[in-house]
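Chains as they are written, first to last, in the numbering used here: chain A, 1 to 76; chain B, 77 to 212.
Next comes the structure, spelled out in C-alpha cells:
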C-alpha cells in the first residue's frame, strides 16, 4: 500500500523513546511506527471486523457463478 | 501483505446458495482479522449491481455494502491509476467488460497491493504484477 504523510500529536516521551529505538535498531522511524500501529489495529480492530464478516446475513441468490460480464453487460 | 478482494468473494460470502459460500466467508474473515484484506470502490459498486440483478432491493443492498465498507479498508483510484490502465491497454487484447478486470487490477497495483483473492482466476492470470492469493 502507498504511504501518506500525516500530522499527529504524540507524547514527547513516546516520541523520544521511538527515536532512541530507531537508532538502536538502525531502522527508520516510519517503519517502527507502522509496525506498532499495524499490531495495535490487528489486536483491536481486526477481530471485531472479522466477527462482523462472520455474522453477515446469508442471502439466497441462486447458485450461478458471478462474472464481471454479468455485472457490466446487459446492464438493465 | 495486503490482498485485494474481488467482487465474487464478497458476493459468495453473502450467497448461501453458492458452493464457495462458507470458504469465501471464512477466508475473507481471516484476511480481515489479519488486517490484510482491502477492497476498492469498484468492488462495492459491482456488488451493488450484482445483488440488485439477483433480486435484492437497492435498500437492502445498501446495508450489505455498508457492512463491507465498515469492516474492510476501501481503496480509491489515485492519479497513477488511470496512467497505469492506459499503459497496460497498449499491449492488451482485453475488450468490453474485461477492461473492468484490468481497471480493478491497476487500482490495486497503483495503491501498492499486488495480490488478489478471486474465484475468476482465469481473468487475472495474465496481468503482470498481480499475483493470485491462495489460502495456506
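In this text, a Cβ means the ideal position worked out from N, Cα and C, and glycines have one as well.
- Taking CB atoms only, residue 80 of chain B has no neighbour in chain A less than 8 Å away.
- Distances from the CA of residue 114 of chain B to each of B/209, B/155, B/189 were compared; the closest alpha carbon is that of B/189.
- The region 159 to 171 of chain B makes no contact with the region 139 to 146 of chain B: fewer than 3 CB pairs, one atom from each, lie closer than 8 Å.
- Interface criterion met: the Cβ of residue 143 of chain B is under 8 Å from a Cβ in chain A.
- Non-local C-beta neighbours of residue 161 of chain B in its own chain, meaning closer than 7 Å and more than five positions away in sequence, comprise 178, 179, 182, ordered along the chain.
- Note: residue 80 of chain B is bridge-paired with B/114, B/192 in the DSSP secondary-structure output.
- Distance from the CA atom of residue 60 of chain A to the CA atom of residue 128 of chain B, rounded to whole angstroms, is 12 Å.
- Contact of residue 14 of chain A with chain B is not assigned, every C-beta pair being separated by 8 Å or more.
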